[in-house]
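Here the structure comes first, spelled out in structure tokens, and everything after it is commentary.
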Amino acid sequence: MKRVTFGHSWLPYFFVLPQIAIVVVFFYWPAGEAVRSSFFLEDPFGFGSTFVGLDNYAAALTQAEYQRVARFTVWFTLLVTFFSLAIALVLAVKADEILRGAKTYRTLLMWVYAVAPPVAGLLGILLFDQHVGPLVDVAAWFGWQMRVGVNYWDTAFAMVVVSVWKQIPVNFIFFLSGLQGIPHSVREAAVIDCKSGLRRFWTVTFPLLAPTGFFLLIINITYALFDTFGVIDLMTKNEPANNPVTLVYKVFLDGFRGNDLGGSSAQSVILMVLVFILTVVQFRLIERRVHYT
Amino acid sequence: MSLSQTQGADAMAAPLAAPAARRIRWRAVMNHLILIAGSALMIVPVLLAFITSTHDAVTIHREGLQFLPGGAFSETYRKVLLEGTGFTGEVNGLTMAVNSLILGFGFAIGKIVISMMAAYAIVYFRFPFATFAFWAIFVTLLLPLEVRILPSYEIVHSMGLTNTYTGLIVPLVASATGTFFFRQFFKSVPDELLEAARIDGAGPVKFFIDILVPLSRTMIAAIFIIMFVYGWNQYLWPTLITTDESFFTLVRGIKQILQVWVGSNIPEYGEAMALAILAMVPPVVIVVVFQSWFIKGLTESDK
Amino acid sequence: MASVRIEEISKVYAGGVRAVDRVSIDIADGEFIVLVGPSGCGKSTLLRMVAGLETVTEGAIAIGERIVNEVDPADRDIAMVFQNYALYPHMSVRQNMAYGLKNRGMDRAEIARRVAEAAGILHLGDYLERKPRQLSGGQRQRVAMGRAIVREPACFLFDEPLSNLDAKLRIEMRSEIKQLQKRLGTTSIYVTHDQLEAMTLADRVVVLNGGRVEQIGTPREVYHRPASVFVAQFIGAPPMNILPVTGNGTGLRLPDGPIVARSDRLGAFRLGIRPEDVTLATAPLPEGIPVSLVHREDLGSHNIVTVRFDGGTELRLATPFGYTLEESARLFVCLPHHRLHLFDAENGRVIRDAFAQAQPAAQEAYV
């Protein structure tokens with residue numbers, strides 16, 4: 063809030079109204095609708111619905127398929143988050159360290175940000191293609207007969223690879239900007255105090271980068287949970303039955319393909335709660351960040 | 006900026022560091038090797054896709070992915086851009102590109118206008134319900150579209166907005182990211198500027214148009230880039246909301262080409278790759294060209 | 236041009252904090268008033284109330300004959316120079332100066348005339364098409380001044396306008412501001428925390444502390460006849476010595492120490508004397524008090540010497556350059572009666588004419 067503000071009677075309403083209107087119609091209404099229909103069982107032929115309380119939740123949570131998808135989602139999220147953060151951190155530290163060509167490397171490493179997840183998925187399909195994909199040939203050298211799109215684990219592997227590839231640039235950009243935000247005097251002090259470069263990294267640079275890391279952790283979890291939809295949709299090639307999918311994809315499948323409105327809504331609400339918790343954690347961390355700087 | 010500082014510091018430190026020069030040299034070589042490997046990891050898949058797209062389907066099917074440019078470039082891209090693809094064969098790459106542009110621009114502009122206005126009201130006015138409006142808007146940061154996709158679809162469908170640009174663009178605007186950006190930015194604008202403007206006789210609308218909007222130019226540019234890329238790259242929402250092929254975007258069309266592909270004997274690898282390349286070129290060019298703005302906008306958004 | 240009357244105004248914030256407490260100042264037409272005090276004393280709030288950027292909780296502000304409490308800042312006929320200049324970064328120097336005039340619907344020719352005139356006065360002629368970021372700190376400061384001048388207001392308001400400049404530039408701009416104000420003859424209210432700035436610029440200084448006026452007077456008055464311990468210590472560097480003394484009927488005695496002044500008063504007081512008013516001697520003077528040397532700072536033009544009385548009370552004094560002191564030398568100080576200030580021990584207010592027998596006419600000449 064500003065020290066001095068305008069005290070106009072209707073103008074502020076005029077300014078917020080468009081945003082509020084859109085938010086109410088396209089956010090609160092659907093979100094409320096999701097919560098409401100999660101308590102109802104919709105007749106598949108459209109003859110009304112019956113209130114079933116928490117049955118949809120119980121059904122979703124006890125369903126073996128749901129549990130399998132949930133387990134996959136957890137592993138998928140962990141792997142994607144870890145590898146995309148780790149690789150991006152290494153690259154950012156190196157890009158920050160070198161003196162010549164830093165800008166060129168930055169460009170080369172960040173542009174994939176602009177590639178849409180489904181486009182990345184399509185590239186993945188090509189590279190892991192049964193007939194033409196070079197990565198399948200590489201795997202074959204190691205005696206791994208990769209059958210992406212057919213074998214559950216092979217598909218899962220390919221999905222992780224593509225999702226990590228797509229996410230490295232964002233993490234790289236943030237890590238690099240975080241590194242460049244560390245004051246020169248602090249680095250110089252560290253050079254005087256500590257001879258070993260690696261030790262210096264772990265004792266000075268890494269802790270100073272921690273706020274960026276926390277922030278990115280949440281960003282990456284959100285990415286792995288939701289934004290990978292396009293990758294998954296492409297790489298399962300419309301055969302999700304024997305291929306790995308994430309929770310958000312299952313919401314989509316059950317809702318649009320399975321016509322299970324109540325079950326899909328219940329799953330939506332479970333995800334909403336999950337995201338809600340993540341975001342609250344994120345805000346907490348951002349608040350803490352303010353104290354860091 | 007900090008880059009040049011690094012160089013300056015190094016230039017001064019160089020004579021002192023002479024005994025360690027060899028080790029530093031090796032370190033630099035290692036660093037470059039790692040960075041080159043990383044860059045290759047990013048570039049090679051796309052490069053392969055592009056090179057492959059310059060060959061015809063039969064060659065690709067027989068010999069696998071290609072590492073050298075072929076002669077089918079103009080043929081493949083002409084076909085993808087101008088000839089019908091998809092089930093009905095009515096939509097070509099050019100129409101899809103136009104739709105992508107409409108989505109990208111419409112989304113970015115709509116978002117910037119709406120969120121700037123909302124952020125202005127929240128930061129610069131004291132009015133009843135201000136706190137309420139603030140929270141009502143910012144709660145939307147909590148839930149991405151994907152988790153409320155089904156009811157969102159049903160509501161837009163019931164409004165008869167499927168297969169319209171309105172239905173495609175407006176629901177995507179219902180999140181507070183832009184408002185959040187601008188709120189942070191407006192809060193960082195010195196209070197004295199408003200005070201000076203008030204003494205200069207500028208009212209709220211005048212202040213917004215004369216001072217705040219011009220002041221936000223860089224911020225607007227940065228957010229425009231981010232939002233354009235975000236809009237252009239939308240996939241799930243366009244997939245649901247557009248069933249009429251004349252509304253397909255390039256990214257939406259990717260799925261379509263895949264569905265044709267799955268059933269065929271010799272899949273049109275080249276055309277699929279060409280479409281993928283077309284779908285990524287505009288956002289990639291924008292992000293690379295306006296790199297510094299884009300990075301500034303992205304990294305300052307989390308403060 | 237106009238006078239400004241500030242009558243019993245107070246600012247109470249939502250939490251009940253009284254930032255400004257019943258302040259009254261009568262400012263004559265063309266007068267240069269400096270509000271000075273430590274941070275948090277309410278000086279900026281007071282200025283901002285005159286500008287109309289803060290609401291007035293109690294009291295009235297009149298510019299000219301008009302009470303302006305409820306008048307919009309733009310309509311108060313004032314111009315303000317901010318600490319960070321608050322130049323519009325996207326506008327050129329010319330546009331910055333013209334913006335306020337344009338908003339008032341002034342015709343182009345008149346705007347151009349005024350901008351050209353102000354640019355001439357401030358030597359900004361070559362910079363009119365530049366953006367603020369292309370200017371040096373001093374030039375930005377001038378643009379901020381120019382923006383104020385073109386409005387030809389009844390009153391200039393300055394909110395610590397020099398504190399973002401380096402020391403050398405600050406001194407230059409200080410005299411420029413003073414000359415400019417004299418030339419234009421516009422009533423000015425200037426806020427600063429720098430007592431030196433206050434002393435050099437002001438026709439009259441208003442010393443504020445804790446939201447209240449401690450003293451209003453010419454620079455000489457506040458320096459030589461401070462109304463309170465606070466003013467005595469705030470104005471002047473190094474500050475006035477304030478010694479805790481007890482009157483026993485014949486003299487004022489330091490705690491466990493000597494009698495430092497003759498007086499027939501009884502009870503606890505605070506005795507003030509400026510460092511440059513203390514006489515230092517190496518031989519016993521009449522009424523000389525023995526002291527020991529603690530510390531000496533050589534400032535080139537003069538020395539600042541710290542000495543200690545028996546009983547431990549310390550005193551700072553200024554001696555001329557070249558005055559050498561041997562560490563072991565016996566030292567004596569003399570506190571001239573007519574340079575002493577006596578303050579109430581409780582509320583710190585001055586007790587005027589405490590040393591009546593020693594008020595020579597010479598001191599009146601100062602004031």
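Residue numbers (our numbering), protein chains in the order written: chain E, 63 to 355; chain L, 6 to 308; chain Z, 236 to 602. All C-beta atoms in this analysis are idealised placements derived from N, C-alpha and C, irrespective of residue type, glycine included.
In chain Z, what lies closer than 8 Å to residue i by C-beta?
| i | result |
| --- | --- |
| residue 249 of chain L | None at all; the shortest Cβ gap to chain Z is about 44 Å. |
Measuring alpha carbon to alpha carbon, tell me which residue in the options is nearest residue i.
| i | options | result |
| --- | --- | --- |
| residue 30 of chain L | E:110, E:160 and E:240 | E:160 |
| residue 409 of chain Z | Z:434, Z:523 and Z:386 | Z:434 |
| residue 77 of chain L | L:303, L:275, L:34 and L:197 | L:275 |
| residue 132 of chain E | E:269, E:287 and E:194 | E:287 |
| residue 76 of chain E | L:110, L:138 and L:108 | L:138 |
| residue 478 of chain Z | Z:334, Z:515, Z:538 and Z:548 | Z:548 |
| residue 141 of chain E | E:248, E:221, E:274 and E:305 | E:221 |
Contact criterion: CB-CB distance below 7 Å. Does residue i meet it with respect to chain E?
| i | result |
| --- | --- |
| residue 104 of chain L | no |
| residue 215 of chain L | no |
| residue 125 of chain L | yes |
| residue 64 of chain L | no |
| residue 50 of chain L | yes |
| residue 160 of chain L | yes |
Taking 7 Å as the CB-CB cut-off, is residue i touching chain L?
| i | result |
| --- | --- |
| residue 582 of chain Z | no |
| residue 521 of chain Z | no |
| residue 308 of chain Z | yes |
| residue 354 of chain E | Note that residue 354 of chain E scores a pLDDT of 43, beneath 50, so its modelled location is shaky and nothing firm can be said. |
| residue 359 of chain E | This structure gives no information on residue 359 of chain E, because the portion of chain E shown stretches from 63 to 355. |
| residue 292 of chain E | yes |
| residue 81 of chain E | yes |
| residue 308 of chain E | no |
| residue 254 of chain Z | no |
| residue 389 of chain Z | no |
| residue 239 of chain E | yes |
Should residue i be flagged as near chain Z, meaning a C-beta pair shorter than 7 Å?
| i | result |
| --- | --- |
| residue 148 of chain L | no |
| residue 83 of chain L | no |
| residue 219 of chain L | yes |
| residue 195 of chain L | yes |
Within this structure, are the beta carbons of residue i and residue j separated by less than 7 Å?
| i | j | result |
| --- | --- | --- |
| residue 233 of chain L | residue 113 of chain L | yes |
| residue 422 of chain Z | residue 239 of chain Z | yes |
| residue 427 of chain Z | residue 395 of chain Z | yes |
| residue 292 of chain E | residue 211 of chain E | no |
| residue 400 of chain Z | residue 372 of chain Z | yes |
| residue 526 of chain Z | residue 506 of chain Z | no |
| residue 93 of chain E | residue 153 of chain L | yes |
Three-state secondary structure (DSSP) at residue i?
| i | result |
| --- | --- |
| residue 237 of chain E | helix |
| residue 276 of chain L | helix |
| residue 413 of chain Z | helix |
| residue 148 of chain L | coil |
| residue 393 of chain Z | strand |
| residue 259 of chain Z | strand |
| residue 593 of chain Z | No answer about residue 593 of chain Z holds up, because its pLDDT of 43 lies below 50 and its placement is not dependable. |
| residue 476 of chain Z | strand |
| residue 451 of chain Z | strand |
| residue 293 of chain Z | strand |
| residue 114 of chain E | coil |
| residue 252 of chain Z | coil |
| residue 97 of chain L | coil |
| residue 554 of chain Z | strand |
Under 9 Å Cβ-Cβ, which residues of chain L neighbour residue i?
| i | result |
| --- | --- |
| residue 335 of chain Z | 201, 202, 204, 205, 206 and 207 |
| residue 202 of chain E | Simply none; closest approach about 12 Å. |
Could you list which residues in chain Z have their beta carbon closer than 9 Å to that of residue i, in chain order?
| i | result |
| --- | --- |
| residue 211 of chain L | 338 |
Mind listing the chain L neighbours of residue i? Cutoff is C-beta to C-beta under 8 Å, in chain order.
| i | result |
| --- | --- |
| residue 313 of chain E | 151, 152, 154 and 155 |
| residue 235 of chain E | 300, 303 and 304 |
Using a C-beta to C-beta distance shorter than 7 Å, which residues of chain L count as neighbours of residue i?
| i | result |
| --- | --- |
| residue 362 of chain Z | Per Cβ cutoff of 7 Å: no residues; residue 362 of chain Z is ~19 Å from chain L at best. |
Residues of chain E with a CB under 9 Å from the CB of residue i: which are they?
| i | result |
| --- | --- |
| residue 296 of chain L | 165, 168, 169, 172 and 173 |
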